[in-house]
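Worksheet for the structure shown next.
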Amino acid sequence: MMMHKWMLACLMAVMGVAVAQEVVIDGLNNPMGLLVTPDGTIWVVDAGHGGDQEIQTPDPQTGETITATVGMTSAVVSVAPDGTRTVRAMLPSVALPMENSGGSRLARLGTHVYATSGGWFGDLGPEPMPMMASIVRVDTDEPQETTSTWTIEAEQNPDGYILESHPYGIVGGSDGMLYVADAGANTLLRVNPRNGDVTVLAVFEGVPGPFPNPARGGAMEADPVPTGITQGSDGTLYVALLPGFPFLPGSAGVSRVTLDGEVTPITDGLTMVTDLQLAPDGHLYAVTLAVFTETGPTPMSGAVTRVGMDGDTAVVLDGLMFPTAIAFGANGDAYVTVNGLGAPGTGQVLRYEGLGAR
């Protein structure tokens, strides 16, 4: 009996058989976020590689002074179905000794495309640089800042700990709002793109940790660090928690958040989850960046895990090199960014046929 290719791909994933991968975009600088529009165009944002301006800044974890470079090298790129590649926007990028920070994630709302851009914390000053800790519309001739997430963090400090805002995951809601996972503030934000108003929908609690955390008043817990966010057909939001240092294997998870802010964990036991998306098959797919050890993130230890609404999990892709994001086409093809931590120009987008098909 003939079997459709997508059915074969799903069966292979369930059985643990390697699913064929194809490189569809390369030459990226620390790719972070993905979006596939209904016409099949692939959008990707990378974090860039800093720039020519050097600044001295305190490390948000240790307080030690470090040197960072800054420049407009974070790129939003689209690739049309015919292969036409277009640079849509350039955003600020900060290169730190251990990582780069720039554009993080992409979302479509109506006909518009938005990106989360950069982060900011209190020791850097009372006002962020342009398009840092921001939601930016990137489908225009020039990027347009929709709102700053720093303002509500500075005014309210919802979790009560250090002042830091790093808008990360973003999804266009069915109610016309943008929902943003703020990885620095440990909050879920509701953003009105028409007027820039920002409200706090939920604050995530700390995750049990092995030693006192000075950033959380000495509590034996790590920051939850919300990263990926997606929305179900009934409007319910699903948020992935990384969480923070020491990035213990099995400490990450996924929570369900209602539109009135009620948070309910649905699964745990995951590791360093950086993205979460809903596929056409009705399952959630979580991206594991890597397994973290005493020497740092382990190469080729990244993975994609399928998460059922009942909390059941199954690894469907593994052995990935620092994957950061996942997106799905209407036909269930999965697109994954890899080398999110890597040398400039080594970032790629990979395609896995039918991985998330109905």
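Remember, our numbering sits 414 above the position in the sequence shown when you count from 1.
Here a beta-carbon is modelled for each residue, glycine too, at the ideal position from N, C-alpha and C.
What you are looking at is a predicted structure, and each value in this text was computed from that prediction instead of being measured.
- prompt: Considering only residues of the same chain and omitting the five flanking positions on each side of Asn-753, which have a CB-CB separation below 8 Å?
  reply: Counting only Cβ-Cβ distances below 8 Å, and skipping sequence neighbours, we find Leu-442, Asn-444, Pro-445, Met-735, Phe-736, Thr-760, Gly-761, Gln-762.
query: Where does the unbroken alpha helix (DSSP H) through Ile-566 begin, and where does it stop?
result: Residue range 564-570 is occupied by the alpha helix (DSSP H) that includes Ile-566.
- prompt: Nearest-angstrom Cα distance between Gly-623 and Met-512?
  reply: Cα-Cα distance, rounded: 22 Å.
message: I need the straight-line Cα distance from Gly-658 to Val-550, nearest angstrom please.
response: So the two alpha carbons sit approximately 26 Å from each other.
field: Sheet register partners of Val-438 (DSSP bridge)
entry: Answer by DSSP bridge pairing: none, since Val-438 is not bridged.
field: Extent of the continuous beta strand (DSSP E) run through Tyr-575
entry: Per DSSP, Tyr-575 is not a residue of any beta strand (DSSP E), being assigned neither H nor E.
- prompt: Is DSSP giving Leu-538 helix, strand or coil here?
  reply: DSSP places Leu-538 in helix when its eight states are reduced to three.
message: Out of Ser-507, Ala-509, Thr-650, which one is the CA nearest neighbour of Ser-588?
response: Considering only alpha carbons, the answer is Thr-650.
- prompt: Near Thr-481, what residues of its chain come up, given a Cβ to Cβ distance below 7 Å and the 5 sequence neighbours on each side ignored?
  reply: Within the same chain, and ignoring the five residues on either side of Thr-481 in sequence, the residues whose Cβ sits closer than 7 Å to its Cβ are Glu-468, Gln-470.
Glu-556 classed as buried or exposed, judged by whether at least 16 other C-beta atoms fall within 10 angstroms: With fewer than 16 Cβ atoms within 10 Å of its Cβ, Glu-556 is classed as exposed.
- prompt: Looking at Thr-561 and Gly-517, is the spacing between their C-beta atoms short of 8 Å?
  reply: It is not a contact, given that the beta carbons lie outside the stated cut-off.
- prompt: When the distance is taken between beta carbons, is Ala-636 closer than 8 Å to Val-621?
  reply: For the 8 Å CB-CB criterion, Val-621 and Ala-636 form a contact.
- prompt: Cβ of Ile-439 within 8 Å of Cβ of Val-493?
  reply: Cβ distance < 8 Å, so Ile-439 and Val-493 count as in contact.
message: Output needed for Ile-576: all residues of its chain with C-beta closer than 6 Å, excluding positions within five of it in sequence on either side, in chain order.
response: Within the same chain, Ala-629 come within 6 Å of Ile-576 by CB-CB distance, once the 5 residues on both sides are set aside.
query: Which residues mark the beginning and the end of the beta strand (DSSP E) in which Asp-747 is found?
result: Careful: Asp-747 lies outside any beta strand (DSSP E) and carries neither H nor E.
Complete runs of the beta strand (DSSP E) confined to the segment 634-682 [at least 3 residues]: Counting whole runs of 3 or more residues, the segment 634-682 contains the beta strand (DSSP E) stretches 640-645, 651-655, 666-671.
message: Does Glu-578 pass the burial test, meaning 16 or more other C-beta atoms within 10 Å, or should it be called exposed?
response: Buried is the call here.
- prompt: Between the segment 689-697 and the segment 669-681, do at least 3 Cβ pairs fall closer than 8 Å?
  reply: Remark: fewer than three beta-carbon pairs, one from each stretch, lie closer than 8 Å, so the segment 689-697 and the segment 669-681 are not flagged as touching.
query: According to DSSP, which residues form a beta bridge with Ser-715?
result: In DSSP, Ser-715 forms no bridge with anything.
task: Thinking Pro-452 and Leu-523 are a contact (beta carbons under 8 Å), I'd like their distance in whole angstroms, please.
output: Their Cβ separation, rounded to whole angstroms, is 13 Å, which puts Pro-452 and Leu-523 out of contact at 8 Å.
Through-space distance from Ala-461 to Ala-597, alpha-carbon basis: Distance from the CA of Ala-597 to the CA of Ala-461, rounded to the nearest whole angstrom, comes to 15 Å.
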